[in-house]
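Numbering (this note's numbering), first residue to last: -7 to 205. For each residue, glycine too, the CB sits at the ideal point set by N, CA and C.
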């Protein structure tokens, strides 16, 4: 861990000391409010304000995983353009398995246990739960893994501007397609029970509004 951590307030030190496993990191993310706006927050501001959207949450999780000895890695899940938000995951490994931690407005887009044998398999586990307010399943692409230690000069752990720079970096990456056109044409909407379960604790003000086509 590079020496980028500022002076830690007692309550922040207590929070970090409790994050001793991926499950505990996810449990902490689940306590945070999902904000209404798109403003980015570095991990230290996440702790100060007790709120995070998906990029904030993924970077916080990567930061916390790094403190446990995991490399800080994120992946961006991408929708049909104009149909939904993207969704950022913090990736970790246990043995041969891939797992993920995440903050989301939707309950089905959070933790994945490290049981997936490939990154694509992990990403596809989000597919049926990645739907917009109209119930349309929107996941179409994902990015290669981003090793955040390579972006440490941006100051993403302690600076909101650094998080903004990570967001810009994500937008430059190649998009790996998940579905063939004929698969997309045959998709069905999320069923009512899945939709209800996915939106149990949603903040309506933070929902993406699909663009008219």
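Give the straight-line distance between the Cα atoms of residue i and residue j, rounded to the nearest whole angstrom.
i	j	result
residue 85	residue 45	23 Å
residue 35	residue 178	40 Å
residue 122	residue 4	32 Å
residue 12	residue 62	12 Å
residue 147	residue 93	21 Å
residue 67	residue 2	32 Å
residue 155	residue 48	8 Å
residue 78	residue 124	11 Å
residue 99	residue 107	19 Å
residue 150	residue 102	24 Å
residue 206	residue 118	Residue numbering for the chain in the displayed model covers -7 to 205; residue 206 lies beyond these limits and cannot be assessed.
residue 17	residue 56	7 Å
residue 207	residue 89	Outside the modelled stretch of the chain, which goes from -7 to 205, sits residue 207, for which no answer is possible.
residue 26	residue 139	25 Å
residue 158	residue 43	19 Å
residue 54	residue 65	6 Å
residue 131	residue 51	21 Å
Please name the residue or residues paired with residue i in a DSSP beta bridge.
i	result
residue 168	134
residue 43	25
For residue i, which of helix, strand or coil comes out of DSSP?
i	result
residue 142	helix
residue 25	strand
residue 175	helix
residue 31	coil
residue 191	coil
residue 185	helix
residue 163	helix
residue 200	coil
residue 147	coil
residue 1	coil
residue 7	helix
Under 8 Å between C-beta atoms, does residue i make it to chain C?
i	result
residue 133	The chain inventory of the structure shown lacks chain C, comprising one protein chain alone.
Next item on the list: Could I get the ranges of all uninterrupted alpha helix (DSSP H) runs contained in the region 52 to 134, with 4 residues as the minimum, in chain order?
Entry: 111 to 116
Next item on the list: Please confirm if the region 95 to 111 is in contact with the region 142 to 154, defined as three or more CB-CB distances below 8 Å between the two stretches.
Entry: no
Note to self: Taking contact to mean 3 or more Cβ pairs, one atom from each stretch, closer than 8 Å, check whether the region 190 to 201 and the region 154 to 167 are in contact.
What the structure shows: no
Check: Is there contact here, the region 183 to 192 with the region 64 to 74, by at least three beta-carbon pairs under 8 Å?
Finding: no
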